[in-house]
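Peer 1:
Numbering (the UniProt record's numbering), first residue to last: 1 to 197.
(1) Using the DSSP secondary-structure output, state which residues sit across from residue 77 in a beta bridge.
(2) Please report how far the alpha carbon of residue 22 lies from the alpha carbon of residue 54, in whole angstroms.
(3) Exposed or buried, residue 177, counting other C-beta atoms within 10 Å across all chains shown (16 or more means buried)?
(4) Do residue 185 and residue 172 have their beta-carbon atoms positioned less than 8 Å apart in this structure?
(5) Expressed to the nearest angstrom, what Euclidean distance is found between the alpha-carbon atoms of residue 127 and residue 52?
(6) Would you mind sorting residue 63 into buried or exposed? The rule is 16 or more other CB atoms within 10 Å of its CB.
(7) Confirm, please, whether the CB-CB distance from residue 70 to residue 90 is below 8 Å.
(8) Look up residue 5 in the DSSP assignment and say whether it is helix, strand or coil.
(9) Is residue 44 near residue 56, with beta carbons less than 8 Å apart?
(10) What is the rounded straight-line gap between the Cα of residue 103 and the Cα of residue 72?
(11) Give me, in chain order, the residues of the same chain whose beta-carbon lies closer than 6 Å to that of residue 24; leave out the 5 immediate sequence neighbours on both sides.
(12) Is residue 178 helix, strand or coil when you go by DSSP?
(13) Measuring CB atoms only, is the segment 142 to 156 touching the segment 185 to 195, in the sense that at least three cross pairs come out at less than 8 Å?
(14) If you reduce the DSSP assignment to three classes, tell me which class residue 32 lands in.
(15) Measuring alpha carbon to alpha carbon, tell me which residue in 122, 68, 163, 121 is nearest residue 146.
(16) Mark residue 132 as exposed unless 16 or more other C-beta atoms lie within 10 angstroms of its C-beta, in which case mark it buried.
(17) Where does residue 174 land, buried or exposed, given buried means 16+ other C-beta within 10 angstroms?
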């Protein structure tokens, strides 16, 4: 696991519910691709997933830099990088199938936790015609180097984590939480912001 990602994030969003299903009937979302959305809806219907077919949406997200696509469940939303339009159409369709496979896998598993690129996802990929799909793309999307302006230290193990953005919620050292409190959040391991010169 990357050193930069080893922290436990405590989020207070359990009270938030999924987007109401009425949103699907309100009309297209901003930057929605109705053609790709229709294809996803037909595919979900053919796989006997009526709720996914009713709610799935595909949008173009101009803020994406290096990510080809992203799937959001339970919102049933697929975001695609507009730079995919510059590549061969096969890349766009492969990415769309990859992201739809995530939604299919989550839809079938219900509330059970699954691995993002686990067995359920691989089965869905095979059904969508991409049986040996890799978890990550190899498209030449330019990466930006981000300067990590913020540093946080665990008061327990003294490990330092550098971040691009300031942490605005309660975050604890993930390895310490795993080792000393069975992976649960523990305020003893709350990260402390350090001043950088």
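Ideal placement from N, C-alpha and C gives every residue a C-beta, glycine not left out.
Peer 2: The short version:
(1) 57, 72
(2) Low local confidence applies: a pLDDT of 47 at residue 22 is under 50, so the model's placement there is unreliable, with the coordinate-based value given in what follows. Looking at the two C-alpha atoms, the distance is approximately 10 Å.
(3) buried
(4) yes
(5) A straight-line Cα-Cα distance of about 16 Å links residue 127 and residue 52.
(6) exposed
(7) For the pair residue 90 and residue 70, the CB atoms are not nearer than the 8 Å cut-off.
(8) Residue confidence is low: residue 5 scores 43 on pLDDT, short of 50, so the model does not pin down where it sits. Its coordinate-derived value is still stated next. Three-state result, residue 5: helix.
(9) In this structure, residue 44 places its C-beta atom within 8 Å of the C-beta atom of residue 56.
(10) 7 Å
(11) Confidence at residue 24 is low in this model, with a pLDDT of 47, below 50, so its placement is unreliable and the value that follows should be read with caution. Closer than 6 Å at the Cβ level, and outside the excluded window around residue 24, lie 54, 55.
(12) helix
(13) yes
(14) For residue 32, the secondary structure class from DSSP, reduced to helix, strand or coil, is strand.
(15) 163
(16) The Cβ neighbour count for residue 132, taken over all protein chains shown within 10 Å, is under 16; the residue is labelled exposed.
(17) buried
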